[in-house]
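S.K.:
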Amino acid sequence: MASPAAPLVIPAESFIKTLAESPNLTSIPSTYTYSTTPLVEPVVSGSEASIPIIDFSLLTSGSPDRRSQAIHDLGKACQDWGFFMVTNHGIPEGMIKGMIEGLEDFFNLREEEKKEFRGKHVLDPIRCGTSSFNTSAEQVFFWRDFLRVFVHPDFHFPNKPLGVRELSHEYCKRVREVYGELIRGISTSLGLEESYIHNTLNMEDGLQILVGNFYPPCPQPELAMGLPPHSDLGFLTLLIENQIGGLQIQHNHKWVNVKAIPNSFLVNTSDQLEILSNGKYKSNVHRATVNNKATRVSIAMANGPSLEDIVGPAPELIDNESNPPRYMPMKYKDYMELQQSNRLDGKTCLDCVKIQRDQV
Ligand code: OGA
Ligand code: NI
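Taking the UniProt record's numbering, the leading residue of the sequence shown gets 1, the next gets one more, and so forth.
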């Protein structure tokens, strides 16, 4: 139990929720100070910047004209933004709400119960903890607790709270269906066969990772960060949240606040899509800010190739004269290990596989 006289230092293995709930907390410990001066980078609101919206029902409506228009919009969103919201995806509102509540209940379990799920290695199928993607390499802690679970091809999930595991199993399956359809559209938009990505990579065994994020209220939100700027692993991340807001995406050198359409998916294009498209669809850099009023819960679903797949630029898109390969092929498993052994910092991991042509 935290006593009011206790110093504001918590062991790294404690959860941020415990710190955030300590009585009379008015300032953050220095280890959580992401920026010593309030962040002043330009921020614009999402509505001003008109974040692309993809109506999923047009992709699947059966009308060729509507589908081509939706594919065109999808390609443009990937190219111009690396980010879009997906509406009318058919996953019931109740299921989305149930997932958010289920994850919130998980984070509200007692510390001892959560600690049972503390994995250490990046390839551990269930890992729960605080702050960072990789606590050993991070110098600053982030205002976030997380639960990170491999849910496909083998389904893992904590067995508590009651019923959340079963709901998650169904939800992950539904998300994979939406993701599969989006990937078909994206494949077509790149000028490839609709099933190109499915067929050349082992999509049936694609690794799907569920990441639950819990950001409690923070007394000095302008000095702390929930998640620092980063791009995601895999092809596409589909995220839902409890409408508190906090996600910011980078666009034209500015941070854009994302105000989610209720029940929509917030979709980031990720590193493996940038590599496969040889840089045409750049992975999106984003971060999560925190606030001093309400707990934000988000669930990111990172969908990628299988761990054994080697991802490089699609040969069909390469032309040694006009479009030479810009990335070195790498096994997804190695890419994951590389990302997790680095500090989370923008796109440093992707830079490791980039072929630096300008210097040649
Ligand atoms: C992530 C992520 C952002 C958010 O989990 O990779 O970027 O808004 N989350 O929680
Ligand atoms: Ni992310």
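Beta carbons: idealized from backbone N, C-alpha and C, even for Gly.
For clarity, every value in this text was computed on a predicted model and none was experimentally measured.
Grouping DSSP H, G and I as helix and E and B as strand, with all else coil, what is Pro229?
M.R.: Strand.
S.K.: Skipping 5 residues on each side, what residues in its chain have a beta carbon closer than 6 Å to that of Phe83?
M.R.: Ile249, Asn268 and Asn284
S.K.: Under the criterion of a Cβ to heavy atom distance below 7 Å, does Asn268 qualify as lining the ligand NI?
M.R.: yes
S.K.: Where do the ends of the beta strand (DSSP E) carrying Met301 lie?
M.R.: Arg296 to Asn303
S.K.: Please determine, among Ser27, Trp81 and Asp55, the residue with the shortest C-alpha to C-alpha distance to Gln69.
M.R.: Asp55
S.K.: Less than 7 Å between C-beta atoms, sequence neighbours within five positions excluded: which residues of the same chain meet that for Phe150?
M.R.: Pro125, His156, Leu207 and Ile209
S.K.: What do you reckon, are the CB atoms on Leu162 and Asp271 nearer than 8 Å?
M.R.: no
S.K.: For Pro324, is the classification buried or exposed, using 16 other Cβ atoms within 10 angstroms of its Cβ as the cut-off for buried?
M.R.: With fewer than 16 other Cβ atoms within 10 Å, it is exposed.
S.K.: Sort Ser50, Phe15 and Glu93 by Cα distance to Arg118 and report the nearest one.
M.R.: Phe15
S.K.: Please report the residue range of the alpha helix (DSSP H) in which Gly94 lies.
M.R.: Glu93 to Phe107
S.K.: Can you give the beta carbon distance from Leu236 to Ile183, rounded, assuming they're within the 8 Å contact cut?
M.R.: 7 Å
S.K.: Between which residues of its own chain and Ile261 is the CB-CB distance below 8 Å, once the five residues before and five after are set aside?
M.R.: Ile53, Met85 and Thr87
S.K.: Is Leu147 buried or exposed, if buried means 16 or more other CB atoms sit within 10 Å of its CB?
M.R.: buried
S.K.: Going by alpha carbons, who is nearest to residue 363 out of Ser30, Ser27 and Asp105?
M.R.: There is no way to answer for residue 363, as the model of the chain reaches only from 1 to 360.
S.K.: Could you tell me if the beta carbon of Ala20 falls within a distance shorter than 7 Å of some heavy atom in the ligand NI?
M.R.: no
S.K.: Could you give the distance in angstroms between the alpha-carbon of Lys331 and the alpha-carbon of Asn199?
M.R.: Approximately 17 Å between the Cα atoms of the pair.
S.K.: Which residue from Val290, Pro305 and Leu239 puts its Cα closest to that of Asp334?
M.R.: Pro305
S.K.: With burial defined as no fewer than 16 other Cβ atoms inside 10 Å of the residue's Cβ, what is the status of Asn278: buried or exposed?
M.R.: So Asn278 ends up on the buried side.
S.K.: For Ile355, which residues of its own chain have a beta-carbon under 7 Å away from its beta-carbon, when the five flanking residues on both sides are left out?
M.R.: Pro325, Arg326, Tyr327 and Met328
S.K.: Going by the beta-carbon positions, is the gap between Val290 and Tyr215 smaller than 8 Å?
M.R.: yes
S.K.: Regarding Leu247 and the ligand OGA, is the C-beta to nearest heavy atom distance less than 7 Å?
M.R.: yes
S.K.: Reducing DSSP to helix, strand and coil, say where Asn199 ends up.
M.R.: Asn199 carries a helical assignment under DSSP once its states are collapsed to helix, strand and coil.
S.K.: For the ligand FMN, any of its heavy atoms closer than 7 Å to the Cβ of Ala300?
M.R.: Ligands displayed in this structure: the ligand OGA and the ligand NI; the ligand FMN is not among them.
S.K.: According to DSSP, Phe146 sits in a beta bridge with which residue or residues?
M.R.: Gly129 and Asn213
S.K.: What does a CB cutoff of less than 6 Å around Lys114 pick up in its chain, not counting 5 residues either side in sequence?
M.R.: Cys128.
S.K.: What does a CB cutoff of less than 6 Å around Val164 pick up in its chain, not counting 5 residues either side in sequence?
M.R.: Excluding the 5 residues flanking it on each side, Val164 has same chain C-beta neighbours closer than 6 Å at Gly102, in chain order.
S.K.: Report the residue from Asn292, Glu112, Asp232 and Thr31 whose alpha carbon sits nearest the alpha carbon of Gly246.
M.R.: With respect to the C-alpha of Gly246, the residue from Asn292, Glu112, Asp232 and Thr31 having the closest C-alpha is Asn292.
S.K.: If we ignore side chains and look at the alpha-carbon of each, how far apart do His121 and Ser50 end up?
M.R.: 39 Å
S.K.: So if DSSP puts Ile54 in a beta bridge, which residue, or which two residues, is it bridged to?
M.R.: As a beta-bridge residue in DSSP terms, Ile54 pairs with Val86.
S.K.: Buried or exposed: where does Asn213 fall if 16 or more other Cβ atoms within 10 Å of its Cβ makes it buried?
M.R.: buried
S.K.: Looking at the unbroken alpha helix (DSSP H) that takes in Leu338, where does it start and where does it end?
M.R.: Tyr332 to Ser341
S.K.: Any heavy atom of the ligand OGA inside 7 Å of the beta-carbon of residue 374?
M.R.: What is shown of the chain runs 1 to 360, which leaves residue 374 out entirely.
S.K.: Assuming Leu223 and Phe142 form a contact by the criterion Cβ under 8 Å, report the distance between their Cβ atoms to the nearest whole angstrom.
M.R.: About 12 Å separates the two Cβ atoms, so there is no contact after all.
S.K.: For Ile355, report the span of its beta strand (DSSP E) as first-last.
M.R.: Per DSSP, Ile355 belongs to no beta strand (DSSP E) and is neither H nor E.
S.K.: Can you tell me whether His169 sits near the ligand OGA, meaning its C-beta is under 7 Å from at least one heavy atom of the ligand?
M.R.: no
S.K.: Return helix, strand or coil for Gln250, following the three-state DSSP convention.
M.R.: strand
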